[in-house]
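Note sheet for the following structure.
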Amino acid sequence: MQKSPETTVASHAEPGDASLSRRMLIGAGAAATVGLAATAAHAQSLQTTTLGKSNASAADLGPRNKALEALNPDAYMAPPTDHGTVQQFWQSFSQAHRRIQDGGWARQVNVKDFPISTEIASVNMKLNAGGVRELHWHEADEWSLMLAGSARLTAIDYDGHPYVKDVKAGDLWYFPQGIPHSIQGLGPDGCEFLLVFDQGKFSEDDTTLLTDWLIHTPPEVVGKNFGVGQNALDPLKAIPPEGRYIFQAPVPPAIGDDIAAMTQASPATSTAFDFALLDMKPTKEDASGSIRIVDSRTFKISKNIAAAYVVVKPGALRELHWHTNVAEWQYYISGQGRMTLFANKSDSRTIDFRASDVGYVPVTLPHYIENTGDEDLIYLEMFKSATYDDISLNNWLAGLPPELVQQHLGLTKETMAAIPKTNLGVVGGKKG
Ligand code: MN
Ligand code: MN
């Protein structure tokens, strides 16, 4: 359903404005028309309650943070269908601390300041051309999407075979637990990417850094390991006491030079640690938008993280659905939208999202994401799972005895016939 101009304008209204009561009327009317209220009596009581709120009741004498209210109009003046207390499922990289070093920066959202997200944490990183995220590994599996620019990756597989690859915007990579790797920005402008980890407690400050490790190992041991005298290790004394983490280096040579140098001792790996997500044909696509699903069925190394790259056209809706197997973690890439999370016991909460925001949906709880802007809404759905799974409300209803559905919802035959029958993923918009 296209969000009407009236609704958009009124959602930014001051309490006490005449438009406020009009918005409430629109909201209550929409709820009644759609007919998703459980019974006619319930719908009636919902409408009465909503209409019973006078402008004076919603008035806000202050203090107010009007900037935050404007960013999240659906929280400040919630749809009348919202109810109760649902745990916060919004965070944003835009208010995370940026660790800026010579060579680039990193910021993270993990369970510390996003407590609902117990299964997934994330890092957003920028590297200059030549900037290096130093050689390291970690306990969590790492999934990544290149957002802008390009980078050179290195790693080694379980059999000791080296890996090197240049990745561009729209490409993914995946490094399983314990696999050591590096990322280096390429010319002309370096790169920015999103890293997703299969542990809510993952912290970018707690990875195993090559330099940090070796300067905290007795030099005579390092010397014996390398088969050299300790004097040969003097250059290690120039390493900062906490390791390098991110540092500036020259832009690397042509990848052919690196391949030649890296494969002198062992042939290159046959493992694909990367995947060209945006070169892939969408899993589902129509005028309303598209979904690209990438999981271990298509990107074999990605055994613990499944992903969907979703485009919702202006006015369209990522349809009412839920996920059977695991919670959903979201990252908003561009555009703007809103999500209502229904959390049982009549509790429901609507929150607005914009680029760089993060969202979360507990396992099995139903939700939708509506494009509330005039450009494409693009976001990631991420799951700590080998496979992507969802259930579409429309698809489910189409597979039930029609009389059983009518007994629940009271819908007419015409309405029943109009509901899409398959799991389209994204619905509404221009064709709706
Ligand atoms: Mn890593
Ligand atoms: Mn979902």
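If you read the sequence shown in the numbering used here, its first letter stands for residue 8, the second for the next number, and so on. By construction, the Cβ of each residue, glycine as well, lies at the ideal position given by its N, Cα and C atoms. Predicted model only: the values in this text are computed from it and were never measured.
For Thr-379 and Val-318, I'd like the C-alpha separation in whole angstroms.
13 angstroms
Are the CB atoms of Ala-334 and Glu-199 nearer to each other than 8 angstroms?
no
In the structure shown, what three-state DSSP assignment does Ala-260 receive?
Ala is not the amino acid found at residue 260; the sequence shown has Pro there. Pro-260: coil per DSSP, three-state reduction.
Between which two residues does the alpha helix (DSSP H) holding Tyr-83 run?
80-83 is the span of the alpha helix (DSSP H), which, as asked, contains Tyr-83.
Between which two residues does the alpha helix (DSSP H) carrying Met-423 extend?
420-425
Alpha carbon to alpha carbon, how far is Asn-401 from Val-93?
25 angstroms
Cβ-Cβ distance between Arg-356 and Tyr-339 below 8 angstroms
In this structure, Tyr-339 does not lie closer than 8 angstroms to Arg-356 by Cβ.
Proximity of Phe-96 and Ile-123 at Cβ, strictly below 8 angstroms
Going by C-beta atoms, Phe-96 is nearer than 8 angstroms to Ile-123.
Relative to the C-alpha of Pro-289, which candidate in Leu-431, Gln-337, Gly-406, Arg-71 has its C-alpha closest?
Leu-431
Where the alpha helix (DSSP H) containing Glu-335 begins and where it ends:
Unbroken run through Glu-335 is the beta strand (DSSP E), 335-341; no alpha helix (DSSP H).
Please classify Ser-277 as buried or exposed, where buried requires at least 16 neighbouring CB atoms within 10 angstroms.
exposed
Relative to ligand 2, is the shortest distance from any of its heavy atoms to the C-beta of Glu-388 smaller than 7 angstroms?
It does: the Cβ of Glu-388 is within 7 angstroms (strictly closer) of some heavy atom of ligand 2.
Using a threshold of 8 angstroms, state whether the C-beta atoms of Ser-303 and Ser-295 are closer than that.
It is not a contact, given that the beta carbons lie outside the stated cut-off.
Give me the Cα-Cα distance between Thr-371 and Val-412, rounded to the nearest whole angstrom.
21 angstroms
Along the chain, which unbroken stretches of the beta strand (DSSP E) at least 3 residues long are found entirely within the stretch 90-115?
Runs found: 97-99, 106-108.
For the alpha helix (DSSP H) containing Gly-230, list its first residue and its last residue.
226-233
Near Arg-345, which residues of its chain fall below 8 angstroms by C-beta distance, leaving aside the five closest residues on each side in sequence?
Listed in chain order, the non-local C-beta contacts of Arg-345 below 8 angstroms within the same chain comprise Asp-81, Thr-357, Ile-358, Asp-359, Phe-360, Ile-376, Glu-377, Thr-379, local neighbours out to five positions each way being set aside.
With which residues is Lys-172 paired in a DSSP beta bridge?
Leu-160
In this structure, does DSSP put Gly-436 in helix, strand or coil?
Helix at Gly-436.
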